[in-house]
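Asker:
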Amino acid sequence: MKVLAFTNEKGGVAKTTTSINIGAALAKAGKSTLLIDCDPQISLTNALRMESTKAGLAELLVGKREVKEAIYRWTPTNAWWSEKLRDLPLYIIAGSDNLGDTIESLGAQRAPERYQNLKKIIKQVGEMGFFDYVILDSPPGRSTMAENVITASDYLVIPVEPEYLTIYATKRLLSWIFKVEKASKTQQNILGFIVVKYDMRLGDHAKAIEFLKGQKTYKVYEPFIKNLSVFKNSNAEGIPAVLWRATHEGSMQYQKVAKEVMKDAERR
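Its first residue numbered 60, the sequence shown is counted upward by one per residue in our numbering.
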């Protein structure tokens, strides 16, 4: 079982959209995939219309439920799509309105224990022997949960919007990740960057991508994900773009990136 975290302390860089579409693409490829909504804003849960689950991440973090009780198979609310995707191996541990308060309470724990809460849940998921991939949708900022996401993952993938300020933000992000690794006494593998909201007409996008490619240490996945309306529209439909409009340019971009991410994760 491979645990992939899509993380960036900056908000608005399509972490949730990337988590959903990479996860759905993996499931479409036949990989049993579990999405975990680790963001108190529960955008992933809302986008997939899974708000009504009786147990989620908050209950697992405080030990009120067993892991199996909080895992739900994703089913579209639309009956036609539900029938069409009934065999898709895509599952979710949802977020809830009380997730933020639960995460805040974990911050009172001492290091390194406070970094281990999510990792313990992931271990139980692994013991089920069912899932090929776990996808963690990380919250923005440097919260206790963001630290837990880094610690619990096998591999980190960083969605970035190619703005000029990305150059500085990326350096800070990598520095923080290394600090979390040291404090939690763990070591993560950064697979690389996924460029999102790309617009080839913008000069600062070209400069930011030049910087990302120039750093040589981490892979920059291609194709770049363009800033297309299909992603917002698919969220409105409650279905990942790679399933809802599989042949759309944006969906094809995510499917190609997902294949590369899967290849990199499975050969390490």
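Note that beta-carbon positions come from the ideal geometry of N, C-alpha and C, so glycine has one too.
Considering only the alpha carbon of each residue, which of 319, 118, 286 lies closest to residue 180?
Answerer: For this step, residue 180 is matched to residue 121 along the sequence shown. Closest option to residue 180, Cα to Cα, is 118.
Asker: Quick test of the definition: if touching needs 3 or more C-beta pairs under 8 angstroms, does the segment 186 to 198 touch the segment 244 to 254?
Answerer: No: fewer than three Cβ pairs fall under 8 angstroms.
Asker: Please specify which runs of the alpha helix (DSSP H), each continuous and at least 4 residues long, are wholly inside the segment 263 to 306, giving them in chain order.
Answerer: Listed in chain order, the complete alpha helix (DSSP H) runs (minimum 4 residues) inside the segment 263 to 306 are 289 to 296, 300 to 303.
Asker: How about the segment 268 to 279 and the segment 93 to 102: do they share at least three Cβ pairs that are nearer than 8 angstroms?
Answerer: Judged by Cβ distances under 8 angstroms, the segment 268 to 279 makes no contact with the segment 93 to 102, as fewer than three pairs qualify.
Asker: Figure out for me which residue from 70, 235, 83, 239 has the closest Cα to the Cα of residue 170.
Answerer: Position 111 of the sequence shown, counting from 1, holds the residue named residue 170. Residue 239 is the option with its Cα nearest to residue 170.
Asker: My output table needs one value for residue 92: the three-state DSSP class, helix, strand or coil.
Answerer: Taking the sequence shown and counting its residues from 1, one reaches residue 92 at position 33. Strand.
Asker: Over the uninterrupted beta strand (DSSP E) stretch that includes residue 73, give me the two end residues.
Answerer: As a working note, residue 73 is residue 14 in the sequence shown. Taken as a continuous stretch (DSSP letters only), residue 73 belongs to no beta strand (DSSP E), as it is neither H nor E.
Asker: Kindly indicate which three-state DSSP category residue 253 falls into: helix, strand or coil?
Answerer: As a working note, residue 253 is residue 194 in the sequence shown. Note: residue 253 maps to strand in three-state DSSP.
Asker: Is the beta carbon of residue 257 sitting closer than 8 angstroms to the one on residue 221?
Answerer: Residue 257 sits at position 198 when you count from the first residue of the sequence shown. Residue 221 sits at position 162 when you count from the first residue of the sequence shown. Closer than 8 angstroms, so yes.
Asker: Below 8 angstroms between beta carbons: does that hold for residue 60 and residue 191?
Answerer: One-based indexing of the sequence shown puts residue 60 at position 1. One-based indexing of the sequence shown puts residue 191 at position 132. For residue 60 and residue 191, yes; Cβs fall inside 8 angstroms.
Asker: Using a threshold of 8 angstroms, state whether the C-beta atoms of residue 151 and residue 320 are closer than that.
Answerer: Along the sequence shown, one-based indexing puts residue 151 at 92. Along the sequence shown, one-based indexing puts residue 320 at 261. Cβ distance not < 8 angstroms, so residue 151 and residue 320 don't count as in contact.
Asker: Across which residues does DSSP place residue 157 in a beta bridge pair?
Answerer: Taking the first residue of the sequence shown as 1, we reach residue 157 at position 98. According to DSSP, residue 157 bridges with nothing at all.
Asker: Can you give the beta carbon distance from residue 153 to residue 115, rounded, assuming they're within the 8 angstroms contact cut?
Answerer: Mapped onto the sequence shown, residue 153 falls at position 94. Mapped onto the sequence shown, residue 115 falls at position 56. Between residue 115 and residue 153 the Cβ distance is about 4 angstroms, and since that is below 8 angstroms, they are a contact.
Asker: Who are the near neighbours of residue 157 in its chain, counting only those whose CB is closer than 6 angstroms to its CB and skipping five residues on each side?
Answerer: The count along the sequence shown starts at 1 and reaches residue 157 at position 98. Excluding residues within five positions, the ones whose Cβ falls inside 6 angstroms are 117.
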